[in-house]
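Student: Please see the structure below; I have some questions.
Number of protein chains: 2
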Amino acid sequence: MNIGTLAKRSGVPAKTIRYYESVDLIESPARSENGYRVYDEEAVRTLSFIRKSRELGFPLEEVRSLLGLWQNKQRSSGEVRALAQSRIQDIDSRINELQRLRDELGHLVHACHGDHRPECPILEALEPHTERTSK
Amino acid sequence: MNIGTLAKRSGVPAKTIRYYESVDLIESPARSENGYRVYDEEAVRTLSFIRKSRELGFPLEEVRSLLGLWQNKQRSSGEVRALAQSRIQDIDSRINELQRLRDELGHLVHACHGDHRPECPILEALEPHTERTSK
DNA sequence: ATAGAGCTTCCAGTCGCTGGAAGGTCAAGG
DNA sequence: CCTTGACCTTCCAGCGACTGGAAGCTCTAT
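Protein sequences appear in the order of chains A and B. Our numbering runs 614 ahead of the 1-based position in the first sequence. Our numbering runs 614 ahead of the 1-based position in the second sequence.
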């Protein structure tokens, strides 16, 4: 199987597969006489695993750990669970932060006429408090 | 005022101020005889405005637009409102996506014992469906 | 005189790809 | 046999928005 076929079957673009190889996330495959990369079924499984992990938002370094745990039959499920839980905490704090921004922007948009006139509470909110500072 | 003072007063790191200058977000300031950048009160206001905009999550290119509108007394508040509203849409879709991931991970963590044993529904979910494909 | 803080420029790294250039290879069709 | 087009190869650059560090100059205080 060449890289294009692997790309289609795993759902990971060929460019990205080469990139994963360059950062040692996956092993370098064998090469055929013409220099083309040659993959086996195992590669389809590995790349699919990586794709799903990425879709769940795991950063590449955590995908690396997950891959190790996946391939290690002696692993403890506790380690995997811990990784997933810290991901959840990341996600929660990002959601909270986004929610805060959303609310703030929502209030401002609500307060703004949004017409041809220049008065705009949004800009006023961005404007620094103009205190009289000694020059 | 030198760059360090401006940094303290605006809350924007000196490095970042130089960066903003390099991408033409702010004007190049005058230089004193020794080559140091020299800023005025206006710069404090501008940098503070930029900082608050960034804190509200506007990407730099939108900050550029906001700055233009802020400085243009003929602006219409509608333009500003439109920018803020498209930001809200961005944020909403990011929140939704994160929420989806969070739920999915939450289910998986819930299903996983998380002990010393290797069985782990989280890894199983990442694993591709193993269909018998013709070799 | 010297130490330390503050300033200058320029280059590299972050994260995870993605695009493009320049070129080799292969199968099908005229 | 030749060409076309789809593959494949490598390497380099760019995205956003900084941030860190090196090397070197300037200022202030002791």
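Built from N, CA and C at the ideal position, the CB exists for glycine as well. All of these numbers come straight from a predicted model, not from anything done at the bench.
Given this structure, state the Cα-to-Cα distance separating G625 of chain B from R689 of chain B, to the nearest angstrom.
Tutor: Approximately 27 Å, taken between the alpha carbons.
Student: Tell me, please, which residues DSSP counts as bridged to V652 of chain A.
Tutor: According to DSSP, V652 of chain A bridges with A:A644.
Student: Does the beta-carbon distance from L639 of chain B to V694 of chain B come in below 8 Å?
Tutor: No.
Student: Taking any Cβ of chain B, which residues in the region 717-745 of chain A have a Cβ under 7 Å from it, in chain order?
Tutor: Those would be E718, L719, G720, L722, V723, C726, H727, G728, D729, H730, R731, P732, E733, C734, I736, L737, L740, E741 and P742, in chain order.
Student: To the nearest angstrom, how far is it from the Cα of L740 of chain A to the Cα of E641 of chain B?
Tutor: Their Cα atoms are separated by approximately 19 Å.
Student: Who are the Cβ neighbours of S667 of chain A in its own chain at under 6 Å, not counting the five residues just before and after it?
Tutor: Excluding sequence neighbours, S667 of chain A sits near V677 and L680.
Student: V723 of chain A and I705 of chain B look like a contact to me (Cβ under 8 Å); what is the Cβ gap, rounded to whole Å?
Tutor: With 8 Å as the limit, V723 of chain A and I705 of chain B do not qualify as a contact, their Cβ atoms being about 12 Å apart.
Student: Mind checking Y650 of chain B: buried by the 16 CB within 10 Å criterion, or exposed?
Tutor: Flag for Y650 of chain B reads exposed.
Student: Is the beta carbon of A725 of chain B sitting closer than 8 Å to the one on P732 of chain B?
Tutor: No.
Student: With 16 as the cutoff for other CB atoms within 10 Å, does S748 of chain B come out buried or exposed?
Tutor: Note on S748 of chain B: pLDDT 40, under 50, position unreliable in the model; the coordinate value appears next. S748 of chain B is exposed by the Cβ-count criterion.
Student: Helix, strand or coil for V694 of chain B, going by three-state DSSP, please let me know.
Tutor: Looking at V694 of chain B - three-state DSSP - the assignment turns out to be helix.
Student: Give the interface partners of D706 of chain B over in chain A, defined as CB-CB distance under 9 Å, in chain order.
Tutor: In chain order: L712 and R716.
Student: N686 of chain B by DSSP, collapsed to three states: which one?
Tutor: DSSP places N686 of chain B in coil when its eight states are reduced to three.
Student: Taking 8 Å as the threshold (beta carbon to beta carbon), is R651 of chain A in contact with chain B?
Tutor: Not one chain B Cβ lies under 8 Å of R651 of chain A.
Student: R689 of chain A versus chain B: which residues are under 7 Å apart at the beta carbon?
Tutor: The answer, in chain order, is P732.
Student: May I ask which residues mark the beginning and end of the alpha helix (DSSP H) holding P735 of chain A?
Tutor: Residues P735 to L740.
Student: Are G728 of chain B and S700 of chain A touching if we call contact CB-CB under 8 Å?
Tutor: The answer is no: Cβ separation not under 8 Å.
Student: Against I709 of chain A, what residues of chain B qualify as contacts under a CB-to-CB distance less than 8 Å, listed in chain order?
Tutor: The answer, in chain order, is I709, L712, Q713 and R716.
Student: List the endpoints of the continuous alpha helix (DSSP H) containing G618 of chain B.
Tutor: That run of the alpha helix (DSSP H) goes I617 to S624.
Student: Suppose contacts are defined by Cβ-Cβ distances below 8 Å. Is L737 of chain A in contact with L683 of chain B by that definition?
Tutor: Cβ atoms of L737 of chain A and L683 of chain B: closer than 8 Å.
Student: Since R632 of chain B is in the alpha helix (DSSP H), which residue starts that stretch and which ends it?
Tutor: A628 to S636 is the extent of the alpha helix (DSSP H) around R632 of chain B.
Student: Is it buried or exposed, L674 of chain B, if we count other Cβ atoms within 10 angstroms and call 16 or more buried?
Tutor: So L674 of chain B counts as exposed.
Student: Would G682 of chain A pass as an interface residue toward chain B - the criterion being a Cβ-Cβ separation below 8 Å?
Tutor: Chain B, which has no Cβ nearer than 8 Å to the Cβ of G682 of chain A, makes this no.
Student: Can you find a CB in chain B that lies within less than 8 Å of the CB of I640 of chain A?
Tutor: I640 of chain A does not count as touching chain B.
Student: Identify which residue in A:L670, A:N616, A:R665 and A:F663 has its Cα closest to the Cα of N648 of chain A.
Tutor: Ranking the options by Cα distance to N648 of chain A, first place goes to A:N616.
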